[in-house]
Amino acid sequence: MRRISLLFAAAALLLCGCVNRKPTEAPTATVTPTPTEEPKPAQWGYNPDVNTKYQTMDGFGAGFTWYADWVPGRSFEQNIYDILFRDAKLSILRFKCEYGYSGFDNAAKVNKAFYDAAERYAKERGETMQVLYSSWSPVSSLKSNHVIKGGGSLKKNEDGAYVYDDFATWWTEAVQAYRDAGVPVDYVSIQNECDFQADYDGCEFGEKETDRLASYPTAFLAVYRSFREAFGNNTPLMIAPETMTCDATTLRLMLNPILEEEPDSVYAVGHHLYVGGNSTDDPDYCGYDSFQPNLERIELMCRQTGFKAWQTEFYRGTSIETANMILKCLTVENASAYIYWGGVWGGGRMDNMESNNMIVVSNNDKNKPTQAGYLCTGDYYAMRHYSEFIRPGYIRVDAPLTMIDRTIGTNLRTASFVSPDGNRIVCILINNMTDEMRIDMANASFPKLVTAKQSVFTEGFTADMMYNTCKPVSGTETMLLLPPASVTTVVMEK
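For what it's worth, numbering that gives the first Met the number 0 labels the leading residue of the sequence shown as 0, then goes sequentially.
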C-alpha cells in the first residue's frame, strides 16, 4: 500500500507540474541591424606643403578712432574688450594721432584703455600688443588752410618753403607724448590717405612738391630722421605711404624718392583698397577679384625691395566679400597684416548684421542696436575667422586643394598658415558656390583635427549662424561639410 501511495503522489506531482507549467515561448527573432549609411565621398582633398613658404604674419587688427570713446566707462565696456581681444584675439591697434588737438588728453586716455585691455590678453598668450598711429591731419597751425578738417596740405613759411621740419617735430613730440601716456608707439604712418583731398580731417601730399602740395617723400624723410635722432633704436617702424589706393604705380612714385635716400626707412608698404579695384559704399559691394592686378604688382614691388605689405584700412563689401578680400590680400600681395577700418563705431545699420564695422555701439539707452547696447556684425566674424588662430609669427605655406569630383564648381578658396614651431596649421576655406561642398582634411603632416569654426553668410544671416563648431561628418574623422556662402577655419596639429 505504501508503494502504491508513493506512486500515486508522484503521479499527482507530475500532473500539477504539467498543469502549472507555462507554455514554451517562441524564440526571439534575430533583428538584422539597419546598415549605417556610408558618408558621401569627399569632393576635395587637402595637401599642405610646409616646405613652400611665403610671408610671415605680423597680425590682424582694427582701427579705434571716431566713436572709440563710446566704450570706456559704459556697462558693456568689458564685454567689448572680451569680444575683440579675448575671442577674436586682434593683435594690432590702429589709433588716430591727435597730439596737439584740444581733445588730446581724453583721446590718449581712450587709447590707453583699449591698449591696456588688449595687452592683458596678449600677455596671457605670450604675445605683445602692437600699436600703429596714423595722422589724419597735423595740428591746424601746420596746415595750409589753417584747419584740421577740409583737406589742405602743409603750410609754407615766410620764405615760401613747406614746413617739413615743423611737421617732423610735431610727430616726434606726438610719439613721446603717447608713450608718456602709457601707450607704446610701435608703428607710424605719417599721413592717412596722403593721396586724397578729404572734407573731414585730412592733409594732402603729392608724389613730388608742387605749389599746392607738399611732397610726401620729403615729409616722410624729415619725420624718419627726426625719429632716429630722438629715439635711436626705439624709433617706431614706418608704414608708407598708406594711400587710399592700392594702385602700384602710385605707391612706387611715393616710395622711390624715399628708397633712393633712406632704403632702410620703410618697414612695410601700407595702402588701403578704396581705389585700385571695384568697390562701392552704396550698394555695399567689393569685387575682390578686380583687385588682382594691383595686388600682384604690390607683391612684385615688395619682393624687389624686401618690404612687407600691410593693408591698413578697408570696410566695403558684404561679410562674405570681406572674408574674400582678406584672403585675396593674404594670398596675392602676401600681406603680413590686415587691418579692418572700424573695430567699434557708433550707430550705423541696425536692421541686420551686415555692417561696415566690426562692432556697432550705442551712445545712450534710447538708441541701442541690441538690448546689450552693442552688436557684433558679420564683418566681426569674417575678421575673427583669420585673427583668432593665425597668430603673429605664423607663416603662410602652400596648401593646394585636390579636386576629387571633377563635375563640381571650382570657387572654393583657401589659405594655410603654419605655426613657428611647425606643429600646427590653420586653414581658411571659403565656399563661394551655391552648392554644399565636402572636403576631407586628412593629411600626413597634420593628422589631428583640433577644431573647426564655421560661419554661413547667406542672405539675411543671423547671429546663430556665426562661428559655430563644425564637426566631422558622421562616420569620418576629418571630412567637413562646407555650406554655400560659408567661411570655415580649420585647425590641425601633428
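All C-beta atoms, glycine included, are put in the ideal place defined by N, C-alpha and C.
Everything numeric in this text was worked out from a predicted model, so none of it was measured.
* To do: Give me the Cα-Cα distance between Lys95 and Ile297, rounded to the nearest whole angstrom.
  => Start at 1 with the first residue of the sequence shown, and residue 95 comes out as number 96. Start at 1 with the first residue of the sequence shown, and residue 297 comes out as number 298. Using only the alpha carbons, I get a separation of about 25 Å.
* To do: Could you tell me how far apart the beta carbons of Ile438 and Leu448 are, in whole angstroms, since I believe they sit closer than 8 Å?
  => The sequence position of residue 438 within the sequence shown is 439, counting from 1. The sequence position of residue 448 within the sequence shown is 449, counting from 1. Rounded, the Cβ-Cβ distance is 12 Å, inconsistent with contact.
* To do: Find out if the Cβ-Cβ distance for the pair Ala167, Ala221 is shorter than 8 Å.
  => As a first step, residue 167 must be located in the sequence shown, where it is residue number 168. As a first step, residue 221 must be located in the sequence shown, where it is residue number 222. Going by C-beta atoms, Ala167 is nearer than 8 Å to Ala221.
* Grab me the residues of Asp280's own chain with a C-beta within less than 7 Å of its C-beta, minus the 5 sequence neighbours each way, in chain order. => In the sequence shown, residue 280 corresponds to position 281, counting from 1. Arg315, listed in sequence order.
* Asked: For Ala218, which of Glu260, Asp179, Tyr199 and Asp104 has the nearest alpha-carbon?
  -> As a working mapping, residue 218 is identified with position 219 in the sequence shown. A check of alpha carbon separations from Ala218 across Glu260, Asp179, Tyr199 and Asp104 identifies Glu260 as the nearest.
* Using only alpha-carbon positions, find the residue among Trp43, Met56, Pro40 and Pro38 that is nearest to Val396. => Reading the sequence shown from its first residue, position 397 is the one you call residue 396. The shortest C-alpha separation from Val396 is found at Met56.
* Asked: Quick one: what's got a C-beta closer than 8 Å to Val162's C-beta in the same chain, skipping five residues either side?
  -> The residue given as residue 162 occupies position 163 in the sequence shown. The beta carbon of Val162 is closer than 8 Å to those of Leu141, Leu153, Lys154, Lys155 and Asn156 in its chain, skipping five residues each way along the sequence.
* Any chance the stretch 473–485 sits against the stretch 418–437, with 3 or more Cβ pairs inside 8 Å? -> yes
* To do: Could you work out which residue in Tyr287, Gly346, Met243 and Trp170 is closest to Val268 when comparing CA atoms only?
  => Here residue 268 is taken as the residue at index 269 of the sequence shown, counted from 1. When only C-alpha atoms are compared, the closest one is Met243.
* Taking the C-alpha atoms as reference points, what is the distance between Asp210 and Thr409? -> In the sequence shown, residue 210 corresponds to position 211, counting from 1. In the sequence shown, residue 409 corresponds to position 410, counting from 1. One C-alpha to the other measures close to 53 Å.
* How is Tyr163 classed by DSSP in three states: helix, strand or coil? -> Position 164 of the sequence shown, counted from the first residue, corresponds to residue 163. Residue state, collapsed to three classes: helix.
* In angstroms, rounded to a whole number, what distance separates the CA positions of Asp420 and Leu250? -> Taking the sequence shown and counting its residues from 1, one reaches residue 420 at position 421. Taking the sequence shown and counting its residues from 1, one reaches residue 250 at position 251. Their backbone Cα atoms lie some 35 Å apart in a straight line.
* To do: Pick helix, strand or coil for Pro240, following the three-state DSSP scheme.
  => For the purposes of this step, residue 240 is taken as the residue at position 241 of the sequence shown. Pro240 falls in the strand class under three-state DSSP.
* **Three-state secondary structure (DSSP) of His270** => Position 271 of the sequence shown, counted from the first residue, corresponds to residue 270. Note: His270 maps to strand in three-state DSSP.
* Asked: Which residue's Cα is closest to the Cα of Lys207: Thr488, Met253, Ala180 and Cys301?
  -> Mapped onto the sequence shown, residue 207 falls at position 208. For Lys207, the nearest C-alpha among the options comes from Met253.
* Would you say the stretch 285–304 touches the stretch 318–332, given that touching needs at least three Cβ pairs under 8 Å? -> yes
* **Enclosing beta strand (DSSP E) for Ile147 [first to last residue]** => Against the sequence shown, residue 147 aligns to sequence position 148. Taken as a continuous stretch (DSSP letters only), Ile147 belongs to no beta strand (DSSP E), as it is neither H nor E.
* **Segments of 3+ residues assigned as beta strand (DSSP E) that fall wholly inside the stretch 433–465** => 436–439 and 447–455
* Would you kindly work out how many angstroms separate the C-alpha atoms of Leu514 and Tyr45, rounded to a whole number? => No information on residue 514 is available, as it lies outside the stretch 0 to 493 that the chain covers here.
* **Separation of Trp309 from Ser454, as counted between CA atoms** => Taking the sequence shown and counting its residues from 1, the one referred to as residue 454 is at position 455. Taking the sequence shown and counting its residues from 1, the one referred to as residue 309 is at position 310. Spanning the two alpha carbons is a distance of roughly 26 Å.
* **CB contact flag (Val343, Tyr66, <8 Å)** => Taking the sequence shown and counting its residues from 1, the one referred to as residue 343 is at position 344. Taking the sequence shown and counting its residues from 1, the one referred to as residue 66 is at position 67. Closer than 8 Å, so yes.
* To do: Give the range of the alpha helix (DSSP H) segment to which Glu298 is assigned.
  => Here residue 298 is taken as the residue at index 299 of the sequence shown, counted from 1. Here the alpha helix (DSSP H) through Glu298 covers Gln291 to Thr304.
* To do: Identify, in the order they occur along the chain, each residue of the same chain with its Cβ nearer than 7 Å to the Cβ of Ala197, setting aside the five sequence neighbours on each side.
  => Within the sequence shown, the letter at position 198 stands for residue 197. Cβ neighbours of Ala197 beyond the five flanking positions: Gly150.
* Alpha carbon to alpha carbon, what distance is there between Asp68 and Gly102? -> As a position in the sequence shown, residue 102 is number 103, starting the count at 1. As a position in the sequence shown, residue 68 is number 69, starting the count at 1. Distance from the CA atom of Gly102 to the CA atom of Asp68, rounded to whole angstroms, is 11 Å.
* Asked: Using a Cβ-Cβ cut-off of 7 Å (strictly less than) and excluding sequence neighbours within five positions of Val49, which residues of its own chain qualify?
  -> Sequence index remark: in the sequence shown, residue 49 carries index 50 (1-based). If we look at Val49 and ignore the five residues flanking it on each side, its Cβ neighbours are Val396, Val417, Gly421 and Ser444.
* Asked: Taking the alpha carbon of Phe195 as the point to measure from, which residue in Asp463, Leu92, Gly205 and Ile189 has its own alpha carbon closest?
  -> Position 196 of the sequence shown, counting from 1, holds the residue named residue 195. Comparing Cα-Cα distances from Phe195 to each of Asp463, Leu92, Gly205 and Ile189, the minimum goes to Gly205.
* Asked: What is the DSSP secondary structure of Arg412, reduced to helix, strand or coil?
  -> In the sequence shown, residue 412 corresponds to position 413, counting from 1. Strand at Arg412.
* CB contact flag (Val182, Ala107, <8 Å) -> Translated into positions along the sequence shown, residue 182 becomes position 183. Translated into positions along the sequence shown, residue 107 becomes position 108. Yes, the Cβ-Cβ distance between Val182 and Ala107 is below 8 Å.
* To do: Return the first residue and the last residue of the alpha helix (DSSP H) that Gly377 is part of.
  => Your numbering for residue 377 matches position 378 in the sequence shown. Note, Gly377: alpha helix (DSSP H), Gly377 to Ser386.
* Indicate whether Ala87 and Arg383 have their beta-carbon atoms separated by less than 8 Å. => Along the sequence shown, read from residue 1 onward, the residue named residue 87 stands at position 88. Along the sequence shown, read from residue 1 onward, the residue named residue 383 stands at position 384. Cβ distance < 8 Å, so Ala87 and Arg383 count as in contact.
* When we look at the beta-carbon of Arg93 and count the other beta-carbons within 10 Å, is it buried (16 or more) or exposed? -> By one-based count along the sequence shown, residue 93 stands at place 94. When all chains shown are included, Arg93 counts as buried.
* Looking only at DSSP bridge pairs, what is Val222 linked to? -> Stepping through the sequence shown from its first residue, residue 222 is reached at position 223. According to DSSP, Val222 bridges with nothing at all.
* Asked: For Asn422, which of helix, strand or coil comes out of DSSP?
  -> For the purposes of this step, residue 422 is identified with residue 423 of the sequence shown, where counting begins at 1. The answer is coil: DSSP assigns Asn422 none of H, G, I, E or B.
* Asked: Ala336 to Glu36, Cα distance in whole Å?
  -> Sequence index remark: in the sequence shown, residue 336 carries index 337 (1-based). Sequence index remark: in the sequence shown, residue 36 carries index 37 (1-based). Taking the straight line from one Cα to the other gives about 45 Å.
* Lys307: buried (16+ other C-beta within 10 angstroms of its C-beta) or exposed? -> The sequence position of residue 307 within the sequence shown is 308, counting from 1. When all chains shown are included, Lys307 counts as buried.
* Asked: With a Cβ-Cβ cutoff of 8 Å, do Ser225 and Gln190 count as a contact?
  -> Here residue 225 refers to the residue found at position 226 of the sequence shown. Here residue 190 refers to the residue found at position 191 of the sequence shown. Their beta carbons are not under 8 Å apart, which means Ser225 does not touch Gln190 by this criterion.
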